[in-house]
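Residue numbers are given in UniProt numbering: position 24 of the sequence shown equals residue 24, and the series is strictly consecutive.
For reference, the structure is listed below as structure tokens.
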Amino acid sequence: MAKKTKKLGIINLKPLVLKGPKYLVQGISSSIAGIQTTKVIQTYIMENNNLKILIAKDGRVIFSGIVKWIGNREDNSQGTVMCIASSERGGKDLRLITPSEDTVQDIGLDLEKSLIKVNSKESVKCSVCGKGIQIFDEILACPLCGSKAHSDHLSEWIKMRHSCPICKKNLELGNMGNIVPQ
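So this is what it looks like as structure tokens:
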């Protein structure tokens, strides 16, 4: 079970989110009764709409909704991706979030409300455009120096310049959209 913090009824989920979907789902399911999931390959589909999520930045709510599924990152790196249906417009607006050390300050599970509370941050700037990388952004990193960027920005940069914007080493895009050193 996930560790309870000093706040009564709040569980720290950040280590589980960063570890992977299996650990996150186990932590949530063991803490809240009635959470039902179906595992499809490496994704956990939420069978009921019991798990809510609220994302805040600088104390202001920027998004809220219902967790639809929890899965692995596309690049198979350690961590979790969550699909959220917006609370507004009847849940038709789906958003993916990819929490990481760079985009999340803390993540707590409010047991009384069956609510995941995410405090987001922007601690890393895109190495191409210079804007902050947010929890909703898909990112890519140079496999040689580790510099991070919005995935579409870095992909375009590599297509045009065949190098990393930071370390200047030669790079190419692989068949699957991954970055390959030359």
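Even for Gly, the Cβ is constructed at its ideal location relative to N, Cα and C.
As the structure is a computational prediction, the values presented were derived from the model and not from experiment.
7 Å CB neighbourhood of Leu-24 in its chain, flanking five on each side removed: Counted from its first residue, the sequence shown places residue 24 at position 24. If we look at Leu-24 and ignore the five residues flanking it on each side, its Cβ neighbours are Leu-13, Leu-16, Val-17, Ile-70, Thr-80.
Residue range of the unbroken beta strand (DSSP E) whose run includes Pro-15: Walking along the sequence shown from the start, residue 15 turns up at place 15. Here Pro-15 belongs to no beta strand (DSSP E); instead the alpha helix (DSSP H) covers 14 to 19.
Distance between Ala-149 and Lys-22 (C-alpha atoms, nearest Å): Reading the sequence shown from its first residue, position 22 is the one you call residue 22. Reading the sequence shown from its first residue, position 149 is the one you call residue 149. The straight-line gap from Cα to Cα measures roughly 27 Å.
Test: Cys-145 CB closer than 8 Å to a CB of chain B: Among the chains of the structure shown, chain B does not appear; only one protein chain is present.
Exposure label - Gln-134; buried when at least 16 CB within 10 Å: Within the sequence shown, numbered from 1, the residue matching residue 134 stands at position 134. Its Cβ being crowded by 16 or more others within 10 Å, Gln-134 is buried.
Pairwise C-alpha distance: Pro-165 and Gln-179: If you number the sequence shown from 1, residue 179 lands on position 179. If you number the sequence shown from 1, residue 165 lands on position 165. Reading the sequence as shown, one finds Ile at residue 179 and not Gln. Rounded to the nearest angstrom, the two C-alpha atoms are 13 Å apart.
Integer Cβ distance of Gly-59 from Ala-85, believed to fall under 8 Å: Within the sequence shown, residue 59 is the residue found at index 59, counting from 1. Within the sequence shown, residue 85 is the residue found at index 85, counting from 1. About 24 Å separates the two Cβ atoms, so there is no contact after all.
Beta-carbon gap between Val-124 and Pro-99 smaller than 8 Å: Locating residue 124 in the sequence shown gives position 124, where the first residue counts as 1. Locating residue 99 in the sequence shown gives position 99, where the first residue counts as 1. No, they are not a contact pair.
Nearest-angstrom Cα separation, counted from Gly-9 out to Glu-172: Here residue 172 refers to the residue found at position 172 when the sequence shown is read from its first residue. Here residue 9 refers to the residue found at position 9 when the sequence shown is read from its first residue. If I take the Cα positions, the gap works out to 48 Å.
Ser-120 (DSSP reduced to helix, strand or coil): One-based indexing of the sequence shown puts residue 120 at position 120. The answer is strand: DSSP assigns Ser-120 an E or B state.
Reduced DSSP secondary structure (H/G/I, E/B, other) of Gly-153: Reading the sequence shown from its first residue, position 153 is the one you call residue 153. It should be noted that the sequence gives His, not Gly, for residue 153. DSSP places His-153 in helix when its eight states are reduced to three.
Reference Leu-51, options Gln-42, Ile-32, Lys-39, Phe-63, closest by Cα: For the purposes of this step, residue 51 is taken as the residue at position 51 of the sequence shown. Measuring from the Cα of Leu-51, the nearest candidate turns out to be Ile-32.
From Ser-155, Arg-161, Phe-136, residue whose alpha carbon lies closest to that of Ser-120: In the sequence shown, the residue the question calls residue 120 occupies position 120. Sorting Ser-155, Arg-161, Phe-136 by C-alpha distance to the C-alpha of Ser-120 places Phe-136 at the top.
Where the beta strand (DSSP E) containing Lys-57 begins and where it ends: For the purposes of this step, residue 57 is identified with residue 57 of the sequence shown, where counting begins at 1. Per DSSP, the unbroken beta strand (DSSP E) holding Lys-57 starts and ends at 52 to 57.
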